[in-house]
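If you use this note's numbering, the sequence shown corresponds to residues 14 to 130, in order. Yeah, the Cβ is synthetic: ideal placement off N, Cα and C, and Gly gets one too. Written below as structure tokens is the structure these notes are about.
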Amino acid sequence: MDVLISVFVGLHIIGIAALLGGFLTQMKAMSAGTARFNPAMLHGALTMLITGVALVGLNQADDQAVNNVKIGVKLALLVVILGLVYVKRDEEKVDKAAFGTVGLLTIANIFIAVLWT
Numbered sequence: 014m015d016v017l018i019s020v021f022v023g024l025h026i027i028g029i030a031a032l033l034g035g036f037l038t039q040m041k042a043m044s045a046g047t048a049r050f051n052p053a054m055l056h057g058a059l060t061m062l063i064t065g066v067a068l069v070g071l072n073q074a075d076d077q078a079v080n081n082v083k084i085g086v087k088l089a090l091l092v093v094i095l096g097l098v099y100v101k102r103d104e105e106k107v108d109k110a111a112f113g114t115v116g117l118l119t120i121a122n123i124f125i126a127v128l129w130t
């Protein structure tokens with residue numbers, strides 16, 4: 014079970030890397046007002062959602078403690094991220110506020126995962 018959990022943790026990290034990497038590559042475009050949500054951001058957010066749900070299930074099945082409040086906060090942030098990216102994925106330009114919100118929520122999600130014990 015530990016190997017399976019580790020595989021899903023790795024996939025979860027790949028998802029966050031795709032989401033954050035997609036955001037960081039658009040930073041210059043964001044300052045110019047031409048940023049857009051790329052497919053890597055959408056797929057990264059979806060990967061995070063699927064692997065995160067799988068990780069919670071696998072950890073509970075392995076009788077490991079799961080902090081449900083932490084998971085709920087992370088899920089709420091991810092739902093907002095996913096909603097923004099999904100709704101505005103076909104727009105030619107995304108306003109700075111929406112794009113910045115996705116970046117800030119992504120970084121907040123990372124720090125919640127690392128610092129909240």
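The three-state reading of DSSP puts D108 in coil, since its state is none of H, G, I, E or B. The Cβ atoms of I18 and K83 lie no closer than 8 Å to each other. For V79, no alpha helix (DSSP H) segment is defined, and its DSSP state is neither H nor E.
I94 and D75 have their alpha carbons spaced roughly 29 Å apart.
V100 has its alpha-carbon roughly 14 Å from the corresponding atom of L91.
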